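Taking it in order: structure first as C-alpha cells, then the write-up.
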Amino acid sequence: MEMMKRNDALSPADPRHLAVILDGNGRWAERHGLSRVEGHREGALNVLRFIQNMQNYATEFVTLYAFSTENWKRSEEEVHALMSLLCSFLDENLETLVSNRIRLLATGRIEALPEPCRKRLALASEKTGVDFQRTLILALNYGGRSEIVDAARKIAQEAREGKLSPDQLTEESFSRYLYFPDIPDPDLLIRTSGEMRLSNFLLWELSYAELYFTETLWPDFDRSELEKAMLSYRKRNRRFGGRK
Ligand code: FPP
4 MEMMKRNDAL SPADPRHLAV ILDGNGRWAE RHGLSRVEGH REGALNVLRF IQNMQNYATE
64 FVTLYAFSTE NWKRSEEEVH ALMSLLCSFL DENLETLVSN RIRLLATGRI EALPEPCRKR
124 LALASEKTGV DFQRTLILAL NYGGRSEIVD AARKIAQEAR EGKLSPDQLT EESFSRYLYF
184 PDIPDPDLLI RTSGEMRLSN FLLWELSYAE LYFTETLWPD FDRSELEKAM LSYRKRNRRF
244 GGRK
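Numbering follows this note's numbering, in which position 229 of the sequence shown is assigned residue number 232; successive positions increment by one, without gaps.
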C-alpha cells in the first residue's frame, strides 16, 4: 500500500495546462476533395468535440493556437473564413461553455482582430468568467516573439519611468509582464499533422513542456488520439533540468 502511494506520487498525472497547435485542416480537406475553408469548418467542429473530450481529464487550462500573427499572409478568403468560423463558434457554443463551467480567454494582439470577433470574445470572457472550473484560451493573432517584445516594451517603459531597475529583473519578474502572468506554463504541447516545429507558439512558456507530435490531422484528432497523447505524457519523466 505504501509502495503504491509512492508510485502514485511519482507518476505525473494529467497535464495541468495543455497547449495544442491545431494543424492539418488544409490537408484534411485536400484528402477529402474539399476546399480549405471546408477543412477549417471541420477543424472548428473538432474544437468542440475536443473540449468535450477534455472533460475526461484533470487538465485545468487548455490553450489552442487558432490564428498566428503569420496567418494574415493567407488569402483574403481564407482569413475571412477563419474569422467568421471563430464568430460562429463563439455564438453557437457560449451556452455550452457556461454550463460546463469553462472560462474563455483570448491571448495575442486581440486589438487587431475584426470588431465582430473582438465583441464576441469580450462577451464570452465576461459570461464565462463568473463561475468556472476550467479555462480555454484561444491564441488569436498570437506570436510568441510578439508576446516577448510586448513584455519588453512594458518593462522598458517602467524602467524609463524609474519604477523598475534593470538589475531587479529576473525570469520570475519578467514572466509577470507576459499576457497571462497567473496561468501556469503548459506541461504538454501537442502538435497534429506531422510537422515538428513550434511555429512561434508560446516560446517563453513552453521552455520545459513535454512535446508530443502526431501524424493525425487536426479534424481527425479524436478521443482515442487524445488518450494516446495523455498516456504518452504520463510515461514521461520530467526533470526540469535536474536529475532524478
Ligand atoms: C491549421 O491548418 C489550422 C489553422 C491555421 C487554423 C485553426 C482554426 C480552426 C480549427 C478553426 C477556427 C478556430 C476555432 C477556435 C473555432 P492548416 O490550414 O495550416 O492546414 P495545412 O497545413 O494542412 O494546410
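C-beta: ideal position from N, C-alpha, C; glycine also. Computed from a prediction, not measured in an experiment: that's the story for all the values here.
Beta-carbon proximity list for residue i, same chain, < 8 Å, skipping 5 on both sides
i           : result
residue 90  : 119, 120 and 123
residue 210 : 188
residue 81  : 39, 40 and 43
Proximal residues to residue i (C-beta, below 6 Å), its chain only, five neighbours per side dropped
i           : result
residue 249 : For the chain, the structure presents residues 4 to 247; residue 249 sits outside this window and is missing.
residue 228 : 219
residue 132 : 106
residue 109 : 124, 141 and 143
First and last residue of the uninterrupted beta strand (DSSP E) at residue i
i           : result
residue 213 : 213-216
Other residues of its chain near residue i: CB distance less than 7 Å, five sequence neighbours each side excluded
i           : result
residue 233 : 17 and 60
residue 144 : 70, 72, 111, 112, 113, 115 and 116
residue 198 : 26
residue 154 : 177, 180 and 181
residue 49  : 221, 222 and 224
7 Å Cβ cutoff, residue i in contact with chain B
i          : result
residue 91 : As a matter of chain content, chain B is missing from the structure shown, which is built from one protein chain.
The alpha helix (DSSP H) enclosing residue i, as first and last residue numbers
i           : result
residue 241 : Note, residue 241: premise wrong, no alpha helix (DSSP H); not H, not E.
DSSP beta-bridge partners of residue i
i           : result
residue 66  : 22 and 140
residue 194 : 24 and 216
residue 71  : 145
**Item:** Entirely enclosed beta strand (DSSP E) segments - the segment 75-137, minimum 3 residues
**Value:** 105-110
**Prompt:** Should the segment 179-193 be called in touch with the segment 53-61, which here means at least 3 C-beta pairs below 8 Å?
**Reply:** Taking 8 Å as the limit for Cβ pairs, the verdict is that the segment 53-61 does not touch the segment 179-193.
**Asked** Should the segment 125-132 be called in touch with the segment 94-108, which here means at least 3 C-beta pairs below 8 Å?
**Response** Judged by pairs of C-beta atoms under 8 Å, the segment 125-132 touches the segment 94-108, as three or more such pairs exist.
**Asked** Is it true that the segment 100-109 meets the segment 76-91, where meeting means three or more beta-carbon pairs spaced less than 8 Å apart?
**Response** no
**Prompt:** Given 8 Å as the limit, is there contact between the segment 127-147 and the segment 62-77, that is, 3 or more CB pairs closer than that?
**Reply:** Cβ pair count under 8 Å is three or more, so yes.
**Prompt:** Can we say the segment 29-44 touches the segment 199-218, given the rule of at least three CB pairs closer than 8 Å?
**Reply:** At 8 Å Cβ cutoff, the stretches do not touch.
**Asked** Hey, which unbroken runs of the alpha helix (DSSP H) at 4 residues or more fall wholly within the segment 137-179?
**Response** 147-163 and 174-178
**Sequence ranges, alpha helix (DSSP H) only - wholly within the segment 33-57, length at least 4** = 39-57
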